[in-house]
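K.L.:
Have a look at the structure that comes next, please.
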Amino acid sequence: MSEEHTVDIDVSAKKLTDWENAPTVRDLKQDLIDSQSSHSDQASKIERWLDNMHVTGSAAIKSPKGRSSVQPKLIRKQAEWRYAALSEPFLDTDDIFEVNPVSWEDKRAALQNQMVLNNQFNTKIDKVQFIDDYVRAAVDEGTVIVRVGWDYEEEEVEEMAPIIELTVNPEMAPLHEQLAQIKQQDPGRYQEEVPEELKQAHEASLAEGVPYEGVITGYEEVTVTKVIRNAPTVEVCHYDDVVIDPTCMGKIEDAQFVVYKFESSLAELKRDGKYQNLDHINVQTNSILGEPDTGPDNGGSFNFSDKPRQKFTVHEYWGYWDIDGSGLVKPIVAAWVGDVLIRLEENPFPDKRPPFIAVPYLPVRRSVYGEPDGELLIDNQKIIGAVTRGMIDIMGNSANGQMGVRKDALDPTNRRRFMTGQDYEYNGNVDPRQAFYVHQYPEIPASAQFMVESQNMEAESMTGVKAFTGGLSGDSLGGTATGVRGTLDAASKRELNILRRLARGMVKIGRKIISMNGEFLSEEEVIRVTNDQFVAIRRDDLAGNFDLRLTVATAEADNAKAQELSFMLQTMGNNMDPSMSRMILADIARLRKMPALAKRIEEYEPQPDPMQQQIQQLEMQKLQWEIEKLKSETQENYADAQQKGAKASNITADTDKKTLDFVEQESGVQQERELQRIGEQARSQGQLKLMDHQLKEDEKRKDLLRSYVESSANA
């Protein structure tokens, strides 16, 4: 609290900005001083939780001499069971982030962001250590505070660069096609193995569409800037190093300031390049040995003796300030050592917010901080410790294994023989069963054991952690399968509820990194998608609107899903399409944490047997021939059917005719018809004869007329 009276005394330090209303060190320290009370209260709570967890400090057992000081670590035992259960859902998969587009225009950018983000967590960040620190800080302290940043490091080196002359050569076209394929499938190999002249010729060919050939005509010395590291950073902060605005009402995003304290040295600050006024820092005055919280975690009493490496404390202020006097605040970042301001600028991050994420373990209403399970188990641990120490004192104060001998049972000679393990004689007036007594441990009261067991049961019931002590069982809910399932469901729901909060914090971290990637990432990053396929991602492709998700599931939930899929696969049997079977098998392998097997199953294409292929071809020809035979037989049968149909029609007509003749004959129709025919025939013959007679008469008249005419002419 001595900082309350500090003032800006180093007037020789240069001004870092041209702001009209730039804050001073005293202005920034005032926010830290005003929030120190609430921060100290929370730090005291966390220290009490940690003391009880490790049975140190205020929770250490102070027993009188000769009494047991044992204290079973119930809180630590419960926490150990929590660590793996909460860490594995994040670590059992390579792709922990899923980025979905908000609109169809952002689909490609979402896929690119997902590949970049997962690659950064798998290769640029020590994911295992970070997740372990992330989970352990939440379980032990009730709150985990993560600082997200960006690490950029480069160096300039002198290299001999070739002077390349490009000429058009059509014969290089096939080679450029091969280079394009190599660059697409394996950019790393392209960058390392392809000579520089070929690279430049290939780039020029792609740009102009004409095959070029590169020829080295000489060398020159050039200065090249190489990027050593350009990646995001995530750090789990110590609870006492971060002071948060107490008026943010449980939302660190609404905090007006966050002060972060860290140790550094002049060499580290100079290498970083963001800090100024380093020559005005009094290293001796601001050494970490003068900090009140310096302890074993901070290196104890050790510090470097040389000035460049000597450690001191740096305070970093992330907040908002009216920098131009307009009445509107803007996001800024400042840093100071003692009374020297070494950094002051606007917030460089794209989201313009402090780079801190706070995740509560058990949330407390209207508070940024949460509570651990230890807050629920302190009394149980103390009771178990008190009862355990009592049982140990009962056993420790007994003379177990010692033997008492009645004074008149042995004479001096036989007593010596007895003490040396030889055969001896005892006095006849003493019963040896009463003369010798072997001390044993006293019986532990059943009430003490019941008390320990009941406290373990209560602890497991409160946390939902089954630690193999028999406390959490279905018998407490009725001793049936339904009771057991209800107990397990309640425990898994509590664990999943904690996981969701931790996953939500990881999503916030991912969102900040996505925004930083679009601003700070190199122009092109090569991300490995599979073992043989690479995708070149441009920074411009990372912009867009996305829905970032992080799916977590417990091993029990994954196992239940895998069993359901196995049952489905078994039920369908051989009736299922092979492609659907591969889909289900791939999901089962993925749930069983075998991603490589799942990928091979998805990409598997069965190779046909040549003999089987030939048999299938022969069977196909046989079927074609059988079809042709069936066609010819069908046509032949159709023709026979038509012929038989015609015959049948003739037979039917003849039968009908005969039937009609019979009917007409029986009914006298034929006779009547015959009479009519004969009558008609007679009438026709009569008319014919009449006509013949008429013709003959006409001929006679013609002959008479002709004779008359001739006679008249002769006369």
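All the letters of the sequence shown, read from the start, carry residue numbers -12 to 702 under our numbering. Yeah, the Cβ is synthetic: ideal placement off N, Cα and C, and Gly gets one too.
When burial is assigned at 16 or more other CB atoms within 10 Å of the CB, is D360 buried or exposed?
P.N.:
Locating residue 360 in the sequence shown gives position 373, counting from the first residue. D360 is buried by the Cβ-count criterion.
K.L.:
How about the region 342 to 349 and the region 478 to 497: do they share at least three Cβ pairs that are nearer than 8 angstroms?
P.N.:
Segments in contact, yes.
K.L.:
With a 10 Å radius around its C-beta and 16 neighbouring C-beta atoms as the bar for buried, classify I310 as buried or exposed.
P.N.:
Counting from 1 along the sequence shown, the entry for residue 310 is found at position 323. Label assigned to I310: buried.
K.L.:
Grab the span of the beta strand (DSSP E) containing I203 for me, first residue to last.
P.N.:
Residue numbering aside, residue 203 sits at position 216 when the sequence shown is read from its first letter. Element bounds for I203: 199 to 223.
K.L.:
Would you call D127 buried or exposed, if buried means 16 or more other Cβ atoms sit within 10 Å of its Cβ?
P.N.:
Counted from its first residue, the sequence shown places residue 127 at position 140. Label assigned to D127: buried.
K.L.:
Ignore the nearest five residues each way along the sequence and tell me which others in R577's own chain have a CB closer than 6 angstroms to its CB.
P.N.:
For the purposes of this step, residue 577 is identified with residue 590 of the sequence shown, where counting begins at 1. Within the same chain, R577 has close Cβ partners A585.
K.L.:
Are the C-beta of T43 and some C-beta of chain B separated by less than 8 angstroms?
P.N.:
Here chain B cannot be found, since the structure has a single protein chain.
K.L.:
Assuming Y199 contacts F507 (C-beta within less than 8 angstroms), just tell me the rounded distance between them.
P.N.:
As a position in the sequence shown, residue 199 is number 212, starting the count at 1. As a position in the sequence shown, residue 507 is number 520, starting the count at 1. Incorrect: roughly 34 angstroms between the Cβ atoms, too far for contact.
K.L.:
Using the rule of at least 16 other Cβ atoms within 10 Å of the residue's Cβ for burial, across every protein chain shown, is D395 buried or exposed?
P.N.:
Residue mapping note: residue 395 aligns to position 408 of the sequence shown, counting from 1. Counting Cβ neighbours within 10 Å, D395 comes out exposed, since fewer than 16 surround it.
K.L.:
Any chance the region 146 to 158 sits against the region 197 to 212, with 3 or more Cβ pairs inside 8 angstroms?
P.N.:
Yes, they touch.
K.L.:
Under the assumption that T4 contacts L331 (Cβ atoms under 8 angstroms), give the Cβ distance between them as a whole number of angstroms.
P.N.:
For the purposes of this step, residue 4 is taken as residue 17 along the sequence shown, with counting starting at 1. For the purposes of this step, residue 331 is taken as residue 344 along the sequence shown, with counting starting at 1. Between L331 and T4 the Cβ distance is about 5 angstroms, and since that is below 8 angstroms, they are a contact.
K.L.:
Within a Cβ cutoff of 7 angstroms, which residues of the same chain sit near D365, ignoring the five residues on either side of it in sequence?
P.N.:
Position 378 of the sequence shown, counted from the first residue, corresponds to residue 365. For the sequence presented, residue 365 should be read as Ile rather than Asp. Hits under 7 angstroms: N39.
K.L.:
Could you spell out where the alpha helix (DSSP H) holding R577 opens and where it closes?
P.N.:
Start at 1 with the first residue of the sequence shown, and residue 577 comes out as number 590. Segment 565 to 578, the alpha helix (DSSP H) holding R577.
K.L.:
Tell me which residue opens and which closes the beta strand (DSSP E) that S145 is part of.
P.N.:
By 1-based counting over the sequence shown, the position of residue 145 is 158. Correcting the residue type first, residue 145 is Glu in the shown sequence and not Ser. Unbroken beta strand (DSSP E) run through E145: 130 to 155.
K.L.:
Output the distance between the C-alpha atoms of T204 and M147, rounded to the nearest integer angstrom.
P.N.:
What you label residue 204 is simply residue 217 of the sequence shown in a count that begins at 1. What you label residue 147 is simply residue 160 of the sequence shown in a count that begins at 1. Approximately 13 angstroms, taken between the alpha carbons.
K.L.:
Note the first and the last residue of the continuous alpha helix (DSSP H) segment covering V181.
P.N.:
Position 194 of the sequence shown, counting from 1, holds the residue named residue 181. Looking at the DSSP string, V181 is not in any alpha helix (DSSP H), and its letter there is neither H nor E.
K.L.:
Just the C-alpha distance for S463 and I83, rounded to the nearest angstrom, thanks.
P.N.:
Counted from its first residue, the sequence shown places residue 463 at position 476. Counted from its first residue, the sequence shown places residue 83 at position 96. The pLDDT assigned to S463 is 46, lower than 50, so where the model puts this residue is not dependable, and the model offers no usable value.
K.L.:
What do you reckon, are the CB atoms on I62 and Q442 nearer than 8 angstroms?
P.N.:
Looking up residue 62 in the sequence shown gives position 75. Looking up residue 442 in the sequence shown gives position 455. Against a cut-off of 8 angstroms, the Cβ pair of Q442 and I62 comes out as no contact.
K.L.:
Indicate the three-state DSSP secondary structure (helix, strand or coil) for I344 in the structure shown.
P.N.:
If you number the sequence shown from 1, residue 344 lands on position 357. DSSP places I344 in strand when its eight states are reduced to three.
K.L.:
Quick check on this structure: which residue in Y262, G312, F291 has the alpha carbon closest to the alpha carbon of H723?
P.N.:
Absent from the structure is residue 723, since the part of the chain shown begins at -12 and ends at 702.
K.L.:
Give the single residue among Y121, I169, C224 whose Cα lies nearest to the Cα of Y70.
P.N.:
In the sequence shown, the residue the question calls residue 70 occupies position 83. It is Y121 whose Cα lies nearest to the Cα of Y70.
K.L.:
May I ask which residues mark the beginning and end of the beta strand (DSSP E) holding A321?
P.N.:
Taking the sequence shown and counting its residues from 1, the one referred to as residue 321 is at position 334. Unbroken beta strand (DSSP E) run through A321: 317 to 324.
K.L.:
Apart from the five residues on each side of it in sequence, which residues of its chain come closer than 8 angstroms, Cβ to Cβ, to S502?
P.N.:
In the sequence shown, the residue the question calls residue 502 occupies position 515. Counting only Cβ-Cβ distances below 8 angstroms, and skipping sequence neighbours, we find F336, P337, D338.
K.L.:
Can you pull the DSSP bridge partners for R330?
P.N.:
Against the sequence shown, residue 330 aligns to sequence position 343. Answer by DSSP bridge pairing, in chain order: A322.
K.L.:
Using the beta-carbon count (16 or more within 10 Å), is N106 buried or exposed?
P.N.:
Within the sequence shown, residue 106 is the residue found at index 119, counting from 1. Buried, since its Cβ has 16 or more Cβ neighbours within 10 Å.
K.L.:
For the beta strand (DSSP E) holding T300, just list the boundary residues, first then last.
P.N.:
In the sequence shown, the residue the question calls residue 300 occupies position 313. First-last of the beta strand (DSSP E) with T300: 299 to 308.
K.L.:
Could you pull out every residue in the same chain whose Cβ sits closer than 8 angstroms to the Cβ of M382, ignoring the five residues on either side in sequence?
P.N.:
Looking up residue 382 in the sequence shown gives position 395. Here the set comprises Y428, P429, I431.
K.L.:
Quick check on DSSP: helix, strand or coil for N367?
P.N.:
Walking along the sequence shown from the start, residue 367 turns up at place 380. If DSSP states are grouped into helix, strand and coil, N367 belongs with the helices.
K.L.:
I need the DSSP call for M710, collapsed to helix, strand or coil.
P.N.:
A query on residue 710 cannot be resolved here, the shown segment of the chain reaching from -12 to 702 and no further.
K.L.:
What residue range does the alpha helix (DSSP H) around V439 cover?
P.N.:
Stepping through the sequence shown from its first residue, residue 439 is reached at position 452. Here the alpha helix (DSSP H) through V439 covers 433 to 450.
K.L.:
For a test of the three-state rule: what should DSSP assign to K644, helix, strand or coil?
P.N.:
By one-based count along the sequence shown, residue 644 stands at place 657. Three-state DSSP puts K644 in a helix.
K.L.:
Taking the straight line between their C-alpha atoms, what separation do you get for S434 and P59?
P.N.:
As a working note, residue 434 is residue 447 in the sequence shown. As a working note, residue 59 is residue 72 in the sequence shown. Distance between the alpha carbons of S434 and P59 is about 18 angstroms.
K.L.:
For G451, which residues from the same chain have a beta carbon less than 6 angstroms from its beta carbon, with the 5 sequence-adjacent residues on both sides left out?
P.N.:
Working through the sequence shown from its first residue, we reach residue 451 at position 464. Excluding sequence neighbours, G451 sits near A478, R481.
K.L.:
Just the Cα atoms here: how many angstroms apart are E141 and K111?
P.N.:
Walking along the sequence shown from the start, residue 141 turns up at place 154. Walking along the sequence shown from the start, residue 111 turns up at place 124. If I take the Cα positions, the gap works out to 16 angstroms.
K.L.:
Report, in whole angstroms, the separation of the C-beta atoms of G237 and R353, which I expect to be a contact under 8 angstroms.
P.N.:
Indexing the sequence shown from 1 puts residue 237 at position 250. Indexing the sequence shown from 1 puts residue 353 at position 366. With 8 angstroms as the limit, G237 and R353 qualify as a contact, their Cβ atoms being about 5 angstroms apart.
K.L.:
What is the DSSP secondary structure of G560, reduced to helix, strand or coil?
P.N.:
Taking the sequence shown and counting its residues from 1, the one referred to as residue 560 is at position 573. Three-state result, G560: helix.
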